[in-house]
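In full-length UniProt numbering, the protein residues as written are 1 to 433.
Virtual Cβ for every residue (Gly too), placed ideally from N, Cα, C.
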Amino acid sequence: MATINVRRDVTDPFYRYKMERIQSKIEGKGNGIKTVIVNLTSVANSLDRPPAYLIKYFGFELGAQTNTNPADDRWIINGAHDASKLQDYLDGFISKFVLCKKCKNPETVMEVKNGGITEDCKACGQISQVDLRLKLSGFILKNEPKKGKKDKATKKAERRARKAAGKGGDDDENASQNGSPGDSASDHGDENGDYGIAAGSDDELTRQIEDGALDIDDVPEEKEVQWATDFSADAVKSRAEVLPEDLKRAAINPAEFAEDAEDGDGGPSVYDEFGKWILDTAAEKGSVDKVDSVEVYVKAKELGIESKHRTLTVLAQTIFDKNIVKQIDSRAGMLKKMITSEKHEKAFLGGTERFVGIDHPELIPQVSAILIKYYQNDLVEEEQLKAWGSKASKKYVDIKTSKQVRRSAEKFIEWLDQAESDDEDEDEDEDSE
């Protein structure tokens, strides 16, 4: 079944939070007419909320009776209601009971405690209060789900997200004041206000890592990437016609990719072409920041390498400059689309190692700051980061450089180990209670 963005005001096709579109079926006639929401359970699971909350919200908004605990998974609203109207009401439910009041991501965990309802955001760490004046809030308080003990992996992920998301107060203040692009397009917006508590981090290692990035020059804030781009064959062809033909410089070592089946002759590979195109376009526009991520993805797709792991090695070496720490966030959407396996993650780390160790050795002291950005943006899993940091390799750079890069990453690896140790201690405390 086709999916849509959880936030329908976001047009980014790479937006990772998806759900099924509401599917309804009208049954009966006369006074017995009713609307059955066929896929309510699936939609509710995508939002991490009980289906009963959704059906009751529809009932309150429509002034109609509903069933909140069907044995046959048939969720019914009395009366005839078309799917498009229900979808609009669902936007209101998402805004009030799912989205984080700060970062607007639907990664919140709802908890009923001490007569209140809180939403704990796993993305940014913000803890917000749900408006108790809303009708559904009363229903939630009266029908609090039975508390089940979360597994350790879930609790660790939540705590780690809160710790890793601790940032400077100025950034958080601006984010809470400005919201996120497109919020004004929603009729339901942030009407309940934000009663959240700022989620900072007192971790000394975190401060040391992030303080190390302060010497990097500020990068002008890039306008929101418009991902709603035409990817049709004609559109790709028209873009290709205006691209420069003369490639000014090579950045990728052809020998690195000689083993690929596409390039058995030992000459320039498709990856060379891709890397040179990015660098040439950056030189033409005056800065790599001006090379749009959509253009980069389209070029990779045109060359047939958008799903290849080696493409990530090229990207790590070409889409950043000396301001890499401040540039990672704006590239994260594209990178998440292309990093789809452990092999991709390893290739991306290898490209980063080469970028820092060879192209920009002055950035070696910033390796921990770079890695924490990768971690916060879910570009590389914790296990891969630890494995990479545990052993030097001469696959991408010489062994001496590899050791230098990993020594600079020790603060970050230590921070990961400390976070895991804290999680285990908390789990032991909870188990003993």
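Take F60 and list the residues in its own chain whose beta-carbon comes closer than 7 Å to its own, dropping the five residues that flank it on each side. K135, L136
Quick one: residues in its chain with C-beta nearer than 6 Å to the C-beta of R7, no 5 flanking neighbours on either side, listed in chain order? none
Whole angstroms is fine: what's the gap from D329's alpha carbon to V314's? 18 Å
In this structure, how does DSSP classify I305 when only helix, strand and coil are distinguished? Coil at I305, not helix or strand.
Can you check which of these residues, I399, Y375, G79, V36, is closest to P70 by C-alpha distance? Of I399, Y375, G79, V36, the residue nearest in Cα terms is V36.
Between the stretch 110-129 and the stretch 69-89, do three or more beta carbon pairs fall short of 8 Å? no
In its own chain, which residues sit with a C-beta less than 7 Å from the C-beta of L40, not counting the 5 before and 5 after it? Close CB contacts of L40 within its chain, under the 7 Å cut and outside five residues either way in sequence, are with P51, L54, I55, W75 (chain order).
Coil, strand or helix - K328 by DSSP: In the sequence as presented, Lys is not what sits at residue 328; that position holds Ile. Helix at I328.
Give me the Cα-Cα distance between N45 and E302, rounded to the nearest whole angstrom. 36 Å
Helix, strand or coil: which one does DSSP assign to Q87? helix
Alpha carbon to alpha carbon, how far is K34 from N67? Roughly 11 Å separates the two Cα atoms.
Give the DSSP-derived three-state secondary structure of E173 in the structure shown. The predicted position of E173 is uncertain, since its pLDDT is 41 and thus under 50; no value can be drawn from it.
Give the straight-line distance between the Cα atoms of K400 and K394, rounded to the nearest whole angstrom. 8 Å
For I305, which option in K285, V291, E273, V288 has the closest C-alpha, if you only look at C-alpha atoms? E273
Once the 5 residues before and after V380 are set aside, which same chain residues still bring their CB inside 7 Å of it? Hits under 7 Å: E345, F348, L349, Y374.
Reduced DSSP secondary structure (H/G/I, E/B, other) of D120: DSSP, reduced to helix, strand and coil, places D120 within a strand of the structure shown.
Whether I364 touches S402 by CB criterion (7 Å): no
Inter-residue Cα distance where the pair is P181 and P106: With a pLDDT of 37 at P181, under the threshold of 50, the predicted position of this residue should be treated as unreliable, though the coordinate-derived value follows. When rounded, the distance between both Cα atoms is 15 Å.
Can you tell me whether DSSP reads A2 as helix, strand or coil? coil
On the three-state DSSP scale, how would you describe E27? strand
Can you tell which of Y271, R310, M338, A283 has its C-alpha closest to the C-alpha of V294? M338
K394, DSSP secondary structure in three states: coil
Would K29 and V38 be called neighbours here (beta carbons separated by less than 7 Å)? Their beta carbons are not under 7 Å apart, which means K29 does not touch V38 by this criterion.
Could you name the residues that DSSP lists as bridge partners for S128? E119
Would you check if the distance between the CB atom of R406 and the CB atom of A387 is smaller than 7 Å? no
Pull up the CB-CB distance for R336 and H309, whole angstroms please, since I reckon it's below 8 Å. Note on residue identity: the sequence assigns Lys, not Arg, to residue 336. So it is not a contact: roughly 15 Å between Cβ atoms.
Where the alpha helix (DSSP H) containing V43 begins and where it ends: 40-47
Which full runs of the beta strand (DSSP E) of 3+ residues lie inside the stretch 355-393, going along the chain? Complete beta strand (DSSP E) runs here, min 3: none at all.
7 Å Cβ shell around D73 - same chain, five flanking residues per side excluded: T41
Run of the alpha helix (DSSP H) containing T66, from where it starts to where it stops: The continuous stretches of alpha helix (DSSP H) do not include T66, and DSSP gives it neither H nor E.
Determine the direct distance from the alpha carbon of Q65 to that of N31, and round the result to whole angstroms. 13 Å
According to DSSP, simplified to helix, strand and coil, what is K18? Looking at K18 - three-state DSSP - the assignment turns out to be strand.
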